[in-house]
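Protein sequences, first through last, are from chains L and A. In terms of our numbering, the first sequence opens at residue 1 and continues consecutively. In terms of our numbering, the second sequence opens at residue 1001 and continues consecutively. Yeah, the Cβ is synthetic: ideal placement off N, Cα and C, and Gly gets one too. I have placed the structure first, in the form of structure tokens, so that the comments after it can refer back to it.
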Amino acid sequence: MPRHSCRNCRTPDTPTQAEVFKPNPMLALGLGLVVITFFAVAMLALTALVHPAQAADLPATPSAERQHELTRFVRQECGFCHGIHLTGGLGSPLTAEALVGKSSDALEASILYGRTGTAMPGWMPHLNESDANWIVTALMKGFPE
Amino acid sequence: MTMCRSPKSVGANLFAQTLAKMRMNSHLLLACAVLALPAFAQELRGTGDLGLVIERAKGSVQLLDTSKKTGLQRIEGLGDLSHASAVFSRDARYAFIFGRDGGLTKIDLLTGNIVKRIIQSGNSIGGAISQDGSILAAANYKPGGVKFFDSETLELLSEVSARSAITGELSKVIGLEEAAGNRFTFSLFEAGEIWQADLSKDPKNPVITRHTGIGKEPYDALVTGDGRWYIAGLFGEGGNGKGGIAVLDLWHPERGVKRALPDYGRGEQKLPVYKMPHLETWAVAGNLAFIPGVGRHEVVLVDISTWQKVGTIPVAGQPVFVMAEPTGRKLWVNFAFPHYDTVQVIDVESQAIVHTMKPGKAVLHMEFTPRGEHVWISVRDENRIQVHDTASFEKLAEIPAQSPSGIFFSSRAHRFGL
């Protein structure tokens, strides 16, 4: 379901059929509220189904511009230890093959908080949760050039 | 007549063919003289003012002329150079580039040609060349070990597998340095050992001496300019597991490895280390040496007669390189993310910061001209090298380069520990 239609449904000031014909102001208001509430609930339920992650209050996907920055960041800064092609160096390889079976939550935590007992530093506050989430998802799919 | 064969670039070849046709008979000698060298060096010349810069994103190097302060030629096809280093033949004509992907490439600085290129391992970190220039050694992460090559032919002479007798595991090899007498010294990251390989008797059968239990996670090492001391930085030691150094006296290896600065930083909160510091040059003024703080925004002063920390100099970020001018009078310091837009200069005598500059985002390396009148600074994200006067700090030139990282001048051919 396209998200824009849901947004329209939710918009509070969208006139409803009931409001336009005004047979009875109180009834119209009641009907309007019922209709709006119904659609709002339906929209939320649908959003939760389509985007379960967002329903759990995770930060939004980084903007296209941020994704571009992150791509460069991973290749260049992470690349010092993990290699510009992410094939590993002092740090472990981060290719899609190397990450098969790894927990994405643990990988995100490694990025944000580092790994105790290793040279991997925590990158907070330079990267936030949505950055880390996007990086891990991208790494597991095969990182863009 | 062998010189006639050298240029291999398309432009030079066309030029060569045209000239050769025009002057084939009567001017053969003249044509040979013109064709012997590429466009940048159509005269007899030495290599003492030549060098190269690693262009890490593209896997290319650019040849540099430090007299004219200019780039000469780009050489492509060197693979993954995201962490690369170079050493030079003892005639300073050839550069050997060690690439991340295990590539070892021999480049002719005069002709700009790749003389030979091999893939010697899966994942490499750097290398060194023997005192007499005959043996190259490559430090490998995967599989962990060191390989030795004939510097003339790049043929494999021998190899050492970095398998610790104590842990039974292979370790990544770091801090591979040349020691006098066709010996090499290197460290095992995971095992925490320092090994010496002696190739003086037979390069095909290196004799290995192992120093175990030298400390956790040696991350880089250097040999002092006089070739005497091998010093490895220990990432896994000290407060919060960062700091400490291991020292081996190469004049007296039988005395074993000594630990120094063991309590450096102990009990103090340290900052995340976004890039491993390098221990490349060793600045000594009197008995004082200067090394990058690990996880700290400071340069550490060490008295090398006692191996005690005797002071610190607060700086703009976590140092990556602390490099001494050839005169030893000033130190140039660059920094890890996010302070890598900055370079600071420290006067050794007063231990004061005498200059701070911001060349741009991602200053990765600095290299001094042989006698130190200029410093060349690579600024990765600005895609340029900047040339500065080391006395006035004035910027003298900018040279375009693609994501430049390490800069290596041929004068390294005649220095110890490189």
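- L:W123 carries a coil assignment under DSSP once its states are collapsed to helix, strand and coil.
- Those residues of the region 1076-1101 of chain A placed with their C-beta closer than 7 Å to a C-beta in chain L are D1080, S1082, H1083, R1100, ordered along the chain.
- Residue-level contact check: A:N1140 does not touch chain L, since none of the beta carbons of chain L fall below 8 Å from its beta carbon.
- Counting only Cβ-Cβ distances below 7 Å, A:R1056 has contacts in chain L at I84, in chain order.
- Closest option to A:D1049, judged by alpha-carbon separation, among A:T1066, A:T1111, A:S1164, A:P1404: A:T1066.
- Only those residues of the region 1201-1212 of chain A whose C-beta falls short of 8 Å from the nearest C-beta of chain L would be listed, and there are none.
- Residue contact with chain A for L:T87: present (Cβ-Cβ distance below 8 Å to some residue of chain A).
- Considering only beta carbons, the part of the region 94-126 of chain L lying closer than 8 Å to chain A consists of G114, G117, A119, P121, G122, W123, H126, in chain order.
- Using beta-carbon distances, L:E77 counts as an interface residue toward chain A, with a partner under 8 Å.
- With a cutoff of 8 Å on beta-carbon distance, A:R1183 and A:D1198 are scored as near each other.
- In this chain, the alpha helix (DSSP H) harbouring L:E69 covers 64-73.
- Shown here, A:E1398 sits in a strand according to DSSP, grouped into three states.
- Here DSSP, grouped into helix, strand and coil, assigns L:Q76 to helix.
- For A:A1086, same chain residues with a beta-carbon under 6 Å away, outside a window of 5 residues either side, are A1095, I1097, F1408 in chain order.
- With 16 or more neighbouring CB atoms inside 10 Å of its own CB, L:G88 falls in the buried class.
- Distances from the CA of A:A1092 to each of A:N1123, A:D1132, A:S1392 were compared; the closest alpha carbon is that of A:D1132.
- Against chain L, a Cβ distance below 7 Å from A:P1359 picks out nothing, because the smallest value is about 17 Å.
- Residue pairing for A:K1142: DSSP places it in a beta bridge opposite A:N1123.
- Annotation: A:L1222 to L:D131 spans about 37 Å, alpha carbon to alpha carbon.
- Among the CB atoms of chain L, one or more fall inside 8 Å of the CB of A:Y1274.
- Beta-bridge partners of A:V1160 (DSSP): A:V1146.
- Comparing C-alpha distances from L:G122 to each of L:K102, L:A64, L:L112 shows the shortest one belongs to L:L112.
- By the Cβ criterion, the region 135-144 of chain L is in contact with the region 94-104 of chain L, since at least three pairs of Cβ atoms, one from each stretch, lie closer than 8 Å.
- Only K1172 from the region 1162-1173 of chain A bring a Cβ to less than 8 Å from some Cβ of chain L.
- Of all residues in the region 1327-1345 of chain A, only F1337, P1338 come within less than 7 Å of chain L when Cβ atoms are compared, listed by chain position.
- Annotation for A:W1376: no alpha helix (DSSP H) segment contains it, though the beta strand (DSSP E) segment containing it runs 1374-1379.
- The beta carbon of L:F80 falls within 8 Å of a beta carbon belonging to chain A, placing the residue at that interface.
- Looking at the DSSP output, A:W1307 shares a beta bridge with no other residue.
- Comparing C-alpha distances from A:R1163 to each of A:E1076, A:V1302, A:G1144 shows the shortest one belongs to A:G1144.
- Taking all protein chains in view, the Cβ of A:G1168 is surrounded by fewer than 16 other Cβ atoms within 10 Å, so the residue is classified as exposed.
- Leaving aside the five residues that flank A:S1403 on each side, the residues in its chain whose CB is nearer than 8 Å to its CB run, in chain order, E1055, R1056, A1057, K1058, R1380, D1381, N1383.
- The region 1210-1247 of chain A is shown to contain no whole alpha helix (DSSP H) run of 4 or more residues.
- Using a CB distance cut-off of 8 Å, A:F1416 does not count as an interface residue toward chain L.
- Interface annotation, L:L90: in contact with chain A, CB-CB separation under 8 Å.
- The three-state secondary structure of L:S130, taken from DSSP, is helix.
- Under the Cβ distance rule, A:F1235 counts among the residues neighbouring chain L, one pair being separated by less than 8 Å.
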